[in-house]
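As numbered in my numbering, residues 671 to 986 make up the sequence shown, in order. For each residue, glycine too, the CB sits at the ideal point set by N, CA and C. See below for the structure under consideration.
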Amino acid sequence: MNLFTVLFIAGAKDTIPLADMQRAAGALAGANKACIELGEPYSRLAEKYLDRHTVVLANWGEYLPASGLYSFKTTGTAKAAKEYMEKPVVKTDVYNFFNELSLAQRVLGEIPLVSGGAIKVKVGAHWHLMKENPKAYSLIKTLAEIYGVNWPPPAGPGTVMPADYLTRVRAVKDWVQAVDAIPFNPMDTTYVNILTGDFKARVKTGFSVGCDILFSYFSADSLYRTYANDSPYPIMAGAMMDSLSSEALKFKEYLTVARYVFEPATDTMITNPDGTQTWIRRPEKKGTMWEFISTYHPDIAPRTSAAMKALGVTVP
């Protein structure tokens, strides 16, 4: 066994195989090179924590990308590299590199919202890297193993989008669109037209944006799952469903408690057979908003009931 097969470090009693040192130094140089080539957020973190240490290593040898190992000039330079890589400042930088990398995210895409803006779908950078560039992932993973770092971080609990969410939200969205299509003339001052406008506005304000966001969550969840199973979107969708259900309870009160005048009282003069004239008074027509839409928009009433049922509320 020659001296370049086994390194003698700190005396004859402490030895380290050269192959291990070649792998360790290669891991640091390889991870740095991969990160620089990957771009953000990897390049920024590599330049901040790793790059200067690879410059020091280059004094003692050369990184071989094909093998992922480090070629040292002599046994002595391998020993110097080992001592350097064990310095607290190097270890601290490596730990900080992985701490920040564990928090880094990649934007997979944007789901536009009808109401404006978009939802940015983000996934942990490690999940994105594992799928899109397994070679670079392996180089960074090797560095983590060399320094005993638990990277990538463990996945969060697997979540599943409830199967009934899509059906329920579609029922609400179809109703919102049907209500939006009801003719309304802002110049018409009749009671029926005014109440129709009020109903349309209440539906749009209470449910349109929520439905839009939920459908965006469904799309975002599907995109996220191409990289990882710990999607946050089922929980977010559940919170939005709860919000819509709370709105549905308020909407039920709007439909069934207050009373509105549909048509005002009128006085009409009629001529009797004997030629006399008589005033006939027709009383005002009033009722709840549910009675209003059942009378003046009968096609919307059952769809309203179905939408409320989808949100866990019974109307009327």
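| Is it a yes or a no for the region 923-935 touching the region 958-970, going by three-plus beta-carbon pairs under 8 Å? | By the C-beta criterion, the region 923-935 is judged to be in contact with the region 958-970, since at least 3 inter-stretch pairs fall below 8 Å.
| field | Own chain residues within Cβ distance below 8 Å of V927, not counting five before or after | value | T958.
| query | Looking at A907 and Y835, is the spacing between their C-beta atoms short of 8 Å? | reply | Yes, Cβ-Cβ distance for Y835 and A907 is below 8 Å.
| Between the region 828-842 and the region 971-985, do at least 3 Cβ pairs fall closer than 8 Å? | Counting Cβ pairs under 8 Å, three or more are found: they touch.
| At what residues does the alpha helix (DSSP H) containing S741 begin and finish? | Unbroken run through S741 is the beta strand (DSSP E), 739-742; no alpha helix (DSSP H).
| task | Given a cut-off of 8 Å, decide if K922 and V985 are closer than it, judged by their beta-carbon atoms. | result | It is a contact, given that the beta carbons lie within the stated cut-off.
| task | Output the boundary residues of the alpha helix (DSSP H) element that contains Y719. | result | Bounds of the alpha helix (DSSP H) holding Y719 are 712-719.
| task | Return yes when the C-beta of G731 is under 7 Å from any heavy atom of the ligand MG, and no when it is not. | result | No copy of the ligand MG occurs in the structure displayed, which carries no ligand at all.
| task | Would you kindly work out how many angstroms separate the C-alpha atoms of Y740 and A695, rounded to a whole number? | result | So the two alpha carbons sit approximately 6 Å from each other.
| Cβ pair Y754, A699 closer than 8 Å | No, Cβ-Cβ distance for Y754 and A699 is not below 8 Å.
| Cβ-Cβ separation, P904 to R842 (assumed contact under 8 Å), whole Å | According to the sequence provided, residue 842 is Val. The question's Arg does not apply to it. The Cβ separation is near 18 Å, so there is no contact.
| query | Do you know offhand how far A833's Cα is from S808's? | reply | Computed Cα separation, rounded: 36 Å.
| So, is I970 buried or exposed, given that buried needs 16 or more other C-beta atoms within 10 angstroms? | Burial call: buried.
| message | If we require 3 or more residues per run, which beta strand (DSSP E) segments fall completely within the region 867-937? | response | Within the region 867-937, the runs of beta strand (DSSP E) that reach at least 3 residues and sit entirely inside it are, in chain order, 929-933.
| message | Less than 8 Å between C-beta atoms, sequence neighbours within five positions excluded: which residues of the same chain meet that for I777? | response | As written in the sequence, residue 777 is Val, which differs from the Ile given in the question. Here the set comprises K790, V791, K792.
| query | Nearest-angstrom Cα distance between A689 and F742? | reply | CA-CA distance, A689 to F742, rounds to 11 Å.
| query | So does the region 754-769 actually touch the region 710-722, counting three or more Cβ pairs closer than 8 Å? | reply | By the C-beta criterion, the region 754-769 is judged to be in contact with the region 710-722, since at least 3 inter-stretch pairs fall below 8 Å.
| message | Does the contact criterion of 3 or more C-beta pairs under 8 Å hold for the region 883-890 versus the region 857-873? | response | Not touching, per the Cβ criterion.
| DSSP state of T941, grouped into three classes? | In the three-state reduction of the DSSP assignment, T941 falls in the strand class.
| said: Among the candidates S915, A976, V879, Y897, whose CA atom is the shortest distance from the CA of S785? | reply: The residue from S915, A976, V879, Y897 with its alpha-carbon nearest to that of S785 is V879.
| request: Have a look at R973 and T896 and give me their C-alpha separation to the nearest angstrom. | output: Inter-residue distance for R973 and T896 is about 36 Å (C-alpha atoms, whole angstroms).
| message | So, with DSSP's three-state summary, where would you put G981? | response | Here residue 981 turns out to be Leu, not Gly, going by the sequence shown. Of the three classes helix, strand and coil, the one that applies to L981 here is coil, per DSSP.
| Considering only the beta carbon of each residue, do V819 and V846 sit closer than 8 Å? | Against a cut-off of 8 Å, the Cβ pair of V846 and V819 comes out as no contact.
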